[in-house]
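Student: This is the structure I have questions about; it appears just below.
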């Protein structure tokens, strides 16, 4: 009975930890409510541990000094924010951080050649793109991306 109780307590702790991860890649790409930052570990908060890109912030991160960039902003009209699907960008080619925010990419599925234009609204740390689920589904026309958990894509910066 003692071993069973210890197992159940351990299992509950594990489930509580998994359930408390609220954002980012650990939570299906969700972002934090109330404009909170998403830490590299999938938790929402407001301190540098959550918001600093150098500490792996996944969304709503603080900029890295200076103003520059195209600027995704809550002050932009709703139509501007809804025109394109969203992505986080950390690709090997092109501007990074604030310099890429608000710019657009044409993303092409290498296997099917399906294309979509997306707006960069965040940065990531995986060396590629973190596409919004609706965008991912739009270019995953053969279902292989869903089955494999990723898509191989090409991207090109384009005018929005």
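In UniProt numbering, the protein residues as written are 1 to 160.
Positions of the beta carbon are idealized from the N, C-alpha and C atoms, including for glycine.
Note that the structure is a prediction, hence the values are computed from the model and not measured.
I'd like to know whether the C-beta atoms of residue 43 and residue 22 end up nearer to each other than 8 Å.
Tutor: By 1-based counting over the chain shown, the position of residue 43 is 43. By 1-based counting over the chain shown, the position of residue 22 is 22. In this structure, residue 22 lies closer than 8 Å to residue 43 by Cβ.
Student: Smallest Cα separation from residue 158: which of 112, 118 and 61?
Tutor: Locating residue 158 in the chain shown gives position 158, counting from the first residue. When only C-alpha atoms are compared, the closest one is 118.
Student: So is residue 142 buried or exposed if we call it buried at 16+ other beta carbons inside 10 Å?
Tutor: As a working mapping, residue 142 is identified with position 142 in the chain shown. The residue is exposed, with fewer than 16 neighbouring Cβ atoms inside 10 Å.
Student: Using a 10 Å radius around the Cβ and a threshold of 16 neighbouring Cβ atoms, would you call residue 132 buried or exposed?
Tutor: To locate residue 132, count along the chain shown from 1; it is residue 132. Burial call: buried.
Student: What are the boundary residues of the beta strand (DSSP E) that residue 158 is part of?
Tutor: Here residue 158 refers to the residue found at position 158 of the chain shown. It spans 153 to 158 - the beta strand (DSSP E) in which residue 158 sits, taken as one unbroken run.
Student: Return helix, strand or coil for residue 45, following the three-state DSSP convention.
Tutor: Within the chain shown, residue 45 is the residue found at index 45, counting from 1. Strand.
Student: If I measure Cβ to Cβ from residue 69 and keep anything under 6 Å in the same chain, skipping five residues before and after, which residues do I get?
Tutor: On the chain shown, position 69 is the one that residue 69 refers to. Its pLDDT being 38, under 50, residue 69 is placed unreliably in this model, and the coordinates cannot settle the point.
Student: What do you get for residue 47, buried or exposed, if any count of 16 or more other CB atoms within 10 angstroms of its CB means buried?
Tutor: By one-based count along the chain shown, residue 47 stands at place 47. Residue 47 should be labelled exposed.
Student: Report the partner residues of residue 89 according to the DSSP bridge assignment.
Tutor: Locating residue 89 in the chain shown gives position 89, counting from the first residue. According to DSSP, residue 89 bridges with 123 and 129.
Student: Check each candidate in 138, 61, 28 and 146 and name the one with the smallest Cα separation from residue 113.
Tutor: Here residue 113 refers to the residue found at position 113 of the chain shown. Of the candidates 138, 61, 28 and 146, the one whose C-alpha sits nearest the C-alpha of residue 113 is 138.
Student: Helix, strand or coil: how does DSSP classify residue 12 here?
Tutor: Position 12 of the chain shown, counted from the start, is the residue given in the question as residue 12. Legend: pLDDT at residue 12 = 45, less than 50; position of this residue unreliable, value from coordinates given subsequently. Here residue 12 sits in helix by DSSP.
Student: Is residue 53 close to chain B, meaning its C-beta is less than 8 Å from at least one C-beta of that chain?
Tutor: In the structure shown, chain B cannot be found, because there is only a single protein chain.
Student: Exposed or buried, residue 88, counting other C-beta atoms within 10 Å across all chains shown (16 or more means buried)?
Tutor: Working through the chain shown from its first residue, we reach residue 88 at position 88. By the neighbour-count criterion, in which 16 or more other beta carbons inside 10 Å mark a residue as buried, residue 88 falls on the buried side.
Student: DSSP state of residue 56, grouped into three classes?
Tutor: One-based indexing of the chain shown puts residue 56 at position 56. DSSP places residue 56 in coil when its eight states are reduced to three.
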